[in-house]
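Structure first, then comments.
Protein chains: 2
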Amino acid sequence: MQIIRHPDEMTAWAKEQAKAGRRIGLVPTMGFFHEGHISLMRRAGQLADQVTVSLFVNPIQFGPQEDLAAYPRNFERDCAMADTAGVTALFAPDAAEMYPAGCSTTVAVGAELTGQLCGASRPSHFAGVATVVCKLFSIVRPDLAVFGEKDFQQLAVIRRMTADLNLGVEIVAHPIVREVDGLAMSSRNTYLAPQQREAALSLSRALALARKRATEGEHSAERLTTVLQDFIHSFPETAVDYISFVHQDSLQHVAEIDAQTVLALAVKIDGKVRLIDNGKVL
Amino acid sequence: MQIIRHPDEMTAWAKEQAKAGRRIGLVPTMGFFHEGHISLMRRAGQLADQVTVSLFVNPIQFGPQEDLAAYPRNFERDCAMADTAGVTALFAPDAAEMYPAGCSTTVAVGAELTGQLCGASRPSHFAGVATVVCKLFSIVRPDLAVFGEKDFQQLAVIRRMTADLNLGVEIVAHPIVREVDGLAMSSRNTYLAPQQREAALSLSRALALARKRATEGEHSAERLTTVLQDFIHSFPETAVDYISFVHQDSLQHVAEIDAQTVLALAVKIDGKVRLIDNGKVL
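So, in structure tokens, the structure goes:
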């Protein structure tokens, strides 16, 4: 596996692959890999000839009060894991290479997709994501890119941006990978103390509860939301950021749930660790 | 010369050129060609193997009170002129192909470059320009793109965006092409009645006056501005939008002019036709 630090070097490598007729699959990450990341890399390997993983903790997608400095990092372990997963090139640029002095361009997707859910409490987050992914697509020039469905709103934002800017990259969605007990894998899970880890299960269990009630015939988003809010708050460490039933593509709230509805959840544990999860309920 | 209407078809054509090792030079335009456009096309032909011209009156760079509907068009004449100038492919998409329903992504360059000069009176203009040029670069995949220096701020904005988003396109600046009497060529010149045409000369003459005074030793931007304002307003049809002495790269105002200073002018003729011009004065 090649480790590439400079954007220009990355682009030169990508151009060589294209010249040789090899398809590149990109997996954009912020590192600190877990099974979720590895499954994205394997998926990319099934769909493309060369897998490139970008490892970049993107400062502009963190708000001023968020965990940029504390975000977990372990470069050597990540390299070993990516190598084992069959990654051909690991692109790990410095922030100063990605955002040199004077850099001021932002890519933003409209408020229909970015104003609600995580966008409500993280106002500049999705512009930060769209900007860095647009840059990564220009630098790595992938034929396809694989994103996890755990970041459900991010996926919708990236699909929108890719279509709107004619970026010509196929966006592949990969299902959420979970721990045995149901917790959605996340690099931020390492923040959780044992008692908090238990409270974190409230998210996946709320999804299961919603599925049960929906299957029994309860299709009112409002009534289901009340049930889920009570359930999640029965874990004393939790505070609900949002419980939203939205259309899978438009991300607009729905009153009655159906097969196109996604339940999206964000919960803070002890006011510190913010976890998200989502899934269909019908 | 091939005329291409659909973005996907344009990209397919561009990929073929790349595969054959041919370099593409792009000239983005809004059509209604004059000698200025033709000189950009010829320049692109000197620098690249294939010249692609995009002809698209981009709705999102016009403000609600601006001249989108009235903007002059003559597709057949444009085709003939481009063909004669050696253009290989003319990309002329419909607005509905460029901005399909649901499209909501914007590319914006920071206020340092877009908040002053034309950006002050046209607040969403440069986001419209940056967005469409980003799209055109993705669709046409040029090795280089040629822009006229007449749109001096646009050039700075596009350079910034291209660098910031790692678009990998070489930006080539081409000098202003003028009528015999000095008027900078512009599709909007066709709006001018004879008396207005005379008043329009106030811009290039103001540049000449500034050059004369600067060479004589007047380097104060404030005093030069007063001289130019009085001169331009001696044409009764004129109203100055701005007279600005700015650094050529940063576009920030300077108090004392030097060899890096650009004088940028925008003047409205009879409250309707807005003309711009610019140049070095030292």
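Protein chains in written order, with the working numbering: chain A, 1 to 282; chain B, 1001 to 1282. Cβ coordinates follow ideal geometry from the N, Cα and C atoms, glycine included.
Host beta strand (DSSP E) of residue i (start-end)
{"i": "residue 4 of chain A", "result": "2-4"}
{"i": "residue 50 of chain A", "result": "50-55"}
{"i": "residue 1274 of chain B", "result": "1273-1280"}
{"i": "residue 1170 of chain B", "result": "1170-1174"}
{"i": "residue 145 of chain A", "result": "144-148"}
{"i": "residue 232 of chain A", "result": "Run containing residue 232 of chain A: none in the beta strand (DSSP E); it sits in the alpha helix (DSSP H), 221-233."}
{"i": "residue 264 of chain A", "result": "261-269"}
{"i": "residue 90 of chain A", "result": "89-91"}
Close beta carbons around residue i, own chain, < 7 Å, minus the five adjacent residues each side
{"i": "residue 97 of chain A", "result": "6 and 7"}
{"i": "residue 1047 of chain B", "result": "1025, 1144 and 1172"}
{"i": "residue 201 of chain A", "result": "181, 182 and 183"}
{"i": "residue 254 of chain A", "result": "221, 245, 246, 247 and 261"}
{"i": "residue 1177 of chain B", "result": "1035, 1036, 1039 and 1185"}
{"i": "residue 962 of chain B", "result": "Because chain B in this structure spans residues 1001 to 1282, residue 962 of chain B falls outside the shown range and cannot be described."}
{"i": "residue 1152 of chain B", "result": "1262, 1264 and 1278"}
{"i": "residue 1206 of chain B", "result": "1228, 1231, 1232 and 1265"}
Straight-line gap, residue i to residue j (C-alpha atoms, nearest Å)
{"i": "residue 260 of chain A", "j": "residue 155 of chain A", "result": "16 Å"}
{"i": "residue 1157 of chain B", "j": "residue 1264 of chain B", "result": "15 Å"}
{"i": "residue 197 of chain A", "j": "residue 1105 of chain B", "result": "38 Å"}
{"i": "residue 1043 of chain B", "j": "residue 1052 of chain B", "result": "12 Å"}
{"i": "residue 1030 of chain B", "j": "residue 1038 of chain B", "result": "13 Å"}
{"i": "residue 220 of chain A", "j": "residue 125 of chain A", "result": "30 Å"}
{"i": "residue 1056 of chain B", "j": "residue 1213 of chain B", "result": "40 Å"}
{"i": "residue 224 of chain A", "j": "residue 251 of chain A", "result": "18 Å"}
{"i": "residue 20 of chain A", "j": "residue 1015 of chain B", "result": "14 Å"}
{"i": "residue 100 of chain A", "j": "residue 231 of chain A", "result": "47 Å"}
{"i": "residue 1116 of chain B", "j": "residue 1108 of chain B", "result": "14 Å"}
{"i": "residue 192 of chain A", "j": "residue 270 of chain A", "result": "10 Å"}
{"i": "residue 78 of chain A", "j": "residue 132 of chain A", "result": "20 Å"}
{"i": "residue 1242 of chain B", "j": "residue 1123 of chain B", "result": "15 Å"}
{"i": "residue 1179 of chain B", "j": "residue 1194 of chain B", "result": "15 Å"}
{"i": "residue 1112 of chain B", "j": "residue 1249 of chain B", "result": "11 Å"}
{"i": "residue 45 of chain A", "j": "residue 1054 of chain B", "result": "37 Å"}
{"i": "residue 237 of chain A", "j": "residue 209 of chain A", "result": "19 Å"}
Test: residue i CB closer than 8 Å to a CB of chain A
{"i": "residue 1011 of chain B", "result": "yes"}
{"i": "residue 1171 of chain B", "result": "no"}
{"i": "residue 1022 of chain B", "result": "no"}
{"i": "residue 1112 of chain B", "result": "yes"}
{"i": "residue 1161 of chain B", "result": "yes"}
Where residue i meets chain A, residues with beta-carbon distance less than 8 Å
{"i": "residue 1280 of chain B", "result": "Neighbours of residue 1280 of chain B on chain A: none; closest Cβ ~22 Å, over 8 Å."}
Contacts around residue i, its chain only, beta-carbon distance under 8 Å, and the 5 residues preceding and following it disregarded
{"i": "residue 167 of chain A", "result": "134, 137 and 161"}
{"i": "residue 1190 of chain B", "result": "1032 and 1072"}
{"i": "residue 1018 of chain B", "result": "1024 and 1141"}
{"i": "residue 1174 of chain B", "result": "1039, 1040, 1043, 1146, 1147, 1148 and 1149"}
Endpoints, alpha helix (DSSP H) assigned at residue i
{"i": "residue 1162 of chain B", "result": "1152-1164"}
{"i": "residue 75 of chain A", "result": "75-84"}
{"i": "residue 137 of chain A", "result": "125-140"}
{"i": "residue 1214 of chain B", "result": "1194-1215"}
{"i": "residue 1037 of chain B", "result": "1035-1047"}
{"i": "residue 119 of chain A", "result": "118-121"}
{"i": "residue 1008 of chain B", "result": "1007-1019"}
{"i": "residue 167 of chain A", "result": "Counting along the chain, residue 167 of chain A falls outside any alpha helix (DSSP H), and DSSP gives it neither H nor E."}
{"i": "residue 1238 of chain B", "result": "It is not in any alpha helix (DSSP H) - residue 1238 of chain B instead sits in the beta strand (DSSP E) that spans 1238-1247."}
Per-residue contacts from residue i into chain B (C-beta, under 7 Å)
{"i": "residue 106 of chain A", "result": "1108"}
{"i": "residue 134 of chain A", "result": "1165"}
Other residues of its chain near residue i: CB distance less than 6 Å, five sequence neighbours each side excluded
{"i": "residue 95 of chain A", "result": "59"}
{"i": "residue 62 of chain A", "result": "68"}
{"i": "residue 187 of chain A", "result": "32 and 72"}
{"i": "residue 1239 of chain B", "result": "1268"}
{"i": "residue 211 of chain A", "result": "281"}
{"i": "residue 3 of chain A", "result": "90"}
{"i": "residue 1119 of chain B", "result": "1126"}
{"i": "residue 83 of chain A", "result": "1"}
Heavy atom of the ligand NAP within 7 Å of residue i beta-carbon
{"i": "residue 74 of chain A", "result": "No copy of the ligand NAP occurs in the structure displayed, which carries no ligand at all."}
Contact with chain B by residue i, beta-carbon distance below 8 Å
{"i": "residue 103 of chain A", "result": "yes"}
{"i": "residue 158 of chain A", "result": "no"}
{"i": "residue 202 of chain A", "result": "no"}
Contacts that residue i makes with chain A (C-beta to C-beta distance below 9 Å)
{"i": "residue 1007 of chain B", "result": "166"}
Interface partners of residue i on chain B, CB under 9 Å
{"i": "residue 118 of chain A", "result": "Residues of chain B passing the Cβ test: none, with the nearest at roughly 17 Å."}
{"i": "residue 121 of chain A", "result": "Here the premise fails: no neighbours, minimum Cβ distance about 21 Å."}
{"i": "residue 185 of chain A", "result": "In chain order: nothing, as chain B lies at least about 29 Å away."}
{"i": "residue 139 of chain A", "result": "1166 and 1168"}
Residue-chain proximity (residue i, chain D), Cβ-Cβ < 8 Å
{"i": "residue 1193 of chain B", "result": "The structure shown contains no chain D; its protein chains are A and B."}
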